[in-house]
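For reference, the structure is listed below as structure tokens.
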């Protein structure tokens, strides 16, 4: 089968379409014919050699797909050959076929095209588990989404709005700001021209945000703590501005605030299955009702995988970029 593999090392590494041997589904697994693969920032890191796949995962990138069930492994009873599904993967999604644990799949949600459905699994699972399980976001609280135009950010804006929170999002430029408002953001801060902390305080009568979902990492740590309300929760899910930063502990203590960081890919199969199950129960009805939707910037063929990653790296993409076999 065809897969998009990594050629070279470090900053000069490229993605190349290659022939690889497909896997066979084992106990509790299914084989899926891929309709579409979602592109994520983790794939950029993997291409550069900075984020190796976990043991047992294919060597090529790809953390989410949509497609049709082609074969069942032993013990699988809740999927059938021919079912249209989406899947959260440990890796290997840039391929014509993938093997995945059935517990990490969900039926294609009603009202969403099978190709575009690949934009959902990684973004929805990441946003849901961090907003609900980790941050314990409540209705009527204020959520600050750093990077509201990104793949996870655009989903977090929609979920925060659906959960009844007041959503403040950052975006670069008036056009992207307008699109964030369309997704449910109550306030959008243009990070190119406005001070984010001042804007958050102005939008909350000086109180700050109850939850900050942060993709910046070390470079944004100080400002994000400043933006927190008393009792606030800062959840770091990205490192776009580095992996280290200074933390004013006195400020953190005075606010009785929490700072935590999470990854999805390195979690156990049991944890991932629980997150996928919760998404199916709580988010899939929102998708079917049109209250949450995939946000797709571009759909490109496998041969243009490097261009797809470039759209994320440059900040061009609004929402998700998809690769089609």
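Residue numbers (this note's numbering): 120 to 444.
A virtual CB, placed ideally from N, CA and C, is assigned to each residue, including glycine.
Please look up how many angstroms separate the CB atoms of residue i and residue j, rounded, as I've assumed it's under 8 angstroms.
i           : j           : result
residue 398 : residue 225 : 7 angstroms
residue 327 : residue 315 : With 8 angstroms as the limit, residue 327 and residue 315 do not qualify as a contact, their Cβ atoms being about 11 angstroms apart.
residue 361 : residue 338 : 5 angstroms
residue 444 : residue 215 : 5 angstroms
residue 147 : residue 181 : Rounded, the Cβ-Cβ distance is 20 angstroms, inconsistent with contact.
residue 156 : residue 441 : 7 angstroms
residue 323 : residue 296 : So it is not a contact: roughly 18 angstroms between Cβ atoms.
residue 164 : residue 183 : About 16 angstroms separates the two Cβ atoms, so there is no contact after all.
By the DSSP assignment, the beta strand (DSSP E) with residue i in it spans what residues?
i           : result
residue 418 : 415-420
residue 173 : Premise fails: residue 173 is in no beta strand (DSSP E) and is neither H nor E.
residue 331 : 328-333
residue 225 : 224-226
residue 368 : No beta strand (DSSP E) holds residue 368; the alpha helix (DSSP H) holding it covers 368-374.
residue 163 : Note, residue 163: premise wrong, no beta strand (DSSP E); alpha helix (DSSP H) at 160-166.
residue 424 : Looking at the DSSP string, residue 424 is not in any beta strand (DSSP E); the run it does join, the alpha helix (DSSP H), is 424-433.
residue 108 : What is shown of the chain runs 120 to 444, which leaves residue 108 out entirely.
Alpha carbon to alpha carbon, how far is residue j from residue i? Give it in angstroms, no decimals.
i           : j           : result
residue 261 : residue 154 : 37 angstroms
residue 237 : residue 373 : 43 angstroms
residue 275 : residue 145 : 34 angstroms
residue 287 : residue 307 : 6 angstroms
residue 239 : residue 325 : 35 angstroms
residue 341 : residue 192 : 49 angstroms
residue 270 : residue 141 : 28 angstroms
residue 279 : residue 406 : 14 angstroms
residue 402 : residue 396 : 10 angstroms
residue 263 : residue 139 : 43 angstroms
residue 425 : residue 133 : 7 angstroms
residue 266 : residue 137 : 34 angstroms
residue 353 : residue 254 : 8 angstroms
residue 305 : residue 195 : 44 angstroms
residue 331 : residue 351 : 8 angstroms
residue 388 : residue 321 : 42 angstroms
residue 152 : residue 294 : 37 angstroms
residue 258 : residue 281 : 9 angstroms
residue 212 : residue 413 : 18 angstroms
residue 159 : residue 150 : 22 angstroms
residue 371 : residue 355 : 15 angstroms
residue 128 : residue 178 : 13 angstroms
residue 289 : residue 299 : 9 angstroms
residue 382 : residue 222 : 19 angstroms
residue 206 : residue 377 : 32 angstroms
residue 392 : residue 432 : 30 angstroms
residue 343 : residue 245 : 19 angstroms
residue 228 : residue 365 : 43 angstroms
residue 357 : residue 317 : 22 angstroms
According to the neighbour-count rule (16 or more other Cβ atoms, all chains shown, within 10 Å of its Cβ), is residue i buried or exposed?
i           : result
residue 420 : exposed
residue 82  : The structure shown does not extend to residue 82, since the chain is modelled only from 120 through 444, so no value can be given for it.
residue 368 : exposed
residue 162 : buried
residue 329 : buried
residue 385 : exposed
residue 173 : exposed
residue 200 : exposed
residue 283 : exposed
residue 436 : buried
residue 408 : exposed
residue 375 : exposed
residue 285 : buried
residue 434 : exposed
residue 220 : buried
residue 186 : buried
Between which two residues does the alpha helix (DSSP H) carrying residue i extend?
i           : result
residue 245 : 240-247
residue 390 : 388-401
residue 279 : 270-281
residue 411 : Here residue 411 belongs to no alpha helix (DSSP H), and DSSP marks it neither H nor E.
residue 320 : 315-322
Which one or two residues does DSSP pair with residue i in a beta bridge?
i           : result
residue 185 : 155 and 205
residue 138 : 121
residue 149 : 191 and 219
residue 309 : 290
residue 214 : 122
residue 440 : 417
residue 285 : 261
residue 78  : Absent from the structure is residue 78, since the part of the chain shown begins at 120 and ends at 444.
Cβ of residue i versus every heavy atom of the ligand GDP: is any distance shorter than 7 angstroms?
i           : result
residue 194 : Questions concerning the ligand GDP fall outside what the structure shown contains, since it holds no ligand whatsoever.
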